[in-house]
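Sequences listed follow chains A and B, in order. Take 5 as the starting number for the first sequence in the numbering used here and just add one per residue. Take 916 as the starting number for the second sequence in the numbering used here and just add one per residue. Quick reminder that beta carbons are idealized off the backbone N, C-alpha and C, glycines included. Bear in mind the structure is a predicted one, so any value in this text is a computation, not a measurement.
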Amino acid sequence: GAGVSQSPRYKVAKRGQDVALRCDPISGHVSLFWYQQALGQGPEFLTYFQNEAQLDKSGLPSDRFFAERPEGSVSTLKIQRTQQEDSAVYLCASSLGQRETNEQFFGPGTRLTVL
Amino acid sequence: AQTVTQSQPEMSVQEAETVTLSCTYDTSESDYYLFWYKQPPSRQMILVIRQEAYKQQNATENRFSVNFQKAAKSFSLKISDSQLGDAAMYFCAYMGQGGSEKLVFGKGMKLTVNP
């Protein structure tokens, strides 16, 4: 596709359920980012991949959050035992991975609601 | 840690007028990148303009320009000839020179354009 895609677009989970959010980056983009955007706030960094390597996971809020990108393309963000404070829009972004051209292209996001 | 502050949560402008959005940031780094991103109601974030800190010349993209004051750590966005399509949330963001390519965002500002 032409841009970053994410699925599902909306997810409702009961507290305690596990969820998996998918991101398809732009073909050929080396870097992939996950951000969490709470209502009325700016996005906050969660984690970053360069190809299949997870280079920075300093933003993951707890060990319930796990991300992977096993083949250096599609990425999955998994949240175990969801809690109400996990309700947010989860944004994925990709870039060429070169600082000289470091524009991040964002997907439409997955809105997660935990009841 | 780097922080980005957008002190005005909302602004409005008349169509065809000019508006300036303010942003300040805090960092101990000497080289970095600054961005303005736009997030329309559909929620897909798109890049408006980008500035490298080592460049003294302010970036310009058509109707969008920045006033970058490195010593004051200020990075404001000027939108000239405002159009209805400019209505959106605007986020100021920072990327450091070394390490992770993650973006640090401000809380955002909602711009309304009145016809």
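- Comparing alpha carbon positions, the residue from A:17, A:46 and A:70 closest to residue 1018 of chain B is A:46.
- Here residue 988 of chain B has 939, 940, 941 and 942 as same chain residues with Cβ atoms under 8 angstroms from its own Cβ, once five neighbours each way along the sequence are excluded.
- For the options A:65, A:66 and A:70, the alpha carbon positioned closest to that of residue 53 of chain A is the one of A:70.
- Sorting A:91, A:106 and A:98 by C-alpha distance to the C-alpha of residue 44 of chain A places A:91 at the top.
- Inside the segment 12-84 of chain A, DSSP marks whole beta strand (DSSP E) runs of 3 or more residues at positions 14-17, 23-28, 35-41, 48-54, 57-60, 69-72 and 79-83, from first to last along the chain.
- Residue-level contact by beta carbon fails for residue 926 of chain B and chain A, as no gap is shorter than 8 angstroms.
- Going by C-alpha positions, residue 116 of chain A is about 14 angstroms away from residue 27 of chain A.
- A direct Cα-to-Cα measurement between residue 935 of chain B and residue 85 of chain A gives close to 44 angstroms.
- Annotation: residue 983 of chain B has no Cβ neighbours in chain A at a cutoff of 8 angstroms; minimum Cβ distance is about 17 angstroms.
- Taking a Cβ-Cβ cut-off of 9 angstroms, the neighbours of residue 52 of chain A in chain B comprise 1015, 1016 and 1017, given in sequence order.
- Boundaries of the beta strand (DSSP E) around residue 117 of chain A: 114-118.
- With fewer than 16 other Cβ atoms inside 10 Å of its own Cβ, residue 16 of chain A counts as exposed.
- Sorting A:89, A:109, A:11 and A:76 by C-alpha distance to the C-alpha of residue 19 of chain A places A:89 at the top.
- At a cut-off of 8 angstroms between beta-carbon atoms, residue 948 of chain B makes contact with chain A.
- DSSP places residue 967 of chain B in the strand class (E or B) of the three-state scheme.
- Taking 8 angstroms as the cut-off, the beta carbon of residue 952 of chain B is found no closer than this to the beta carbon of residue 990 of chain B.
- Judged by their CB atoms, residue 994 of chain B and residue 981 of chain B are not nearer to each other than the 8 angstroms cut-off.
- Within the segment 974-1030 of chain B, no alpha helix (DSSP H) run of at least 4 residues lies entirely inside it.
- Comparing C-alpha distances from residue 1009 of chain B to each of B:957, B:948 and B:916 shows the shortest one belongs to B:948.
- Relative to the Cα of residue 61 of chain A, the nearest Cα in the group B:926, B:1022, B:1016 and B:1027 belongs to B:1016.
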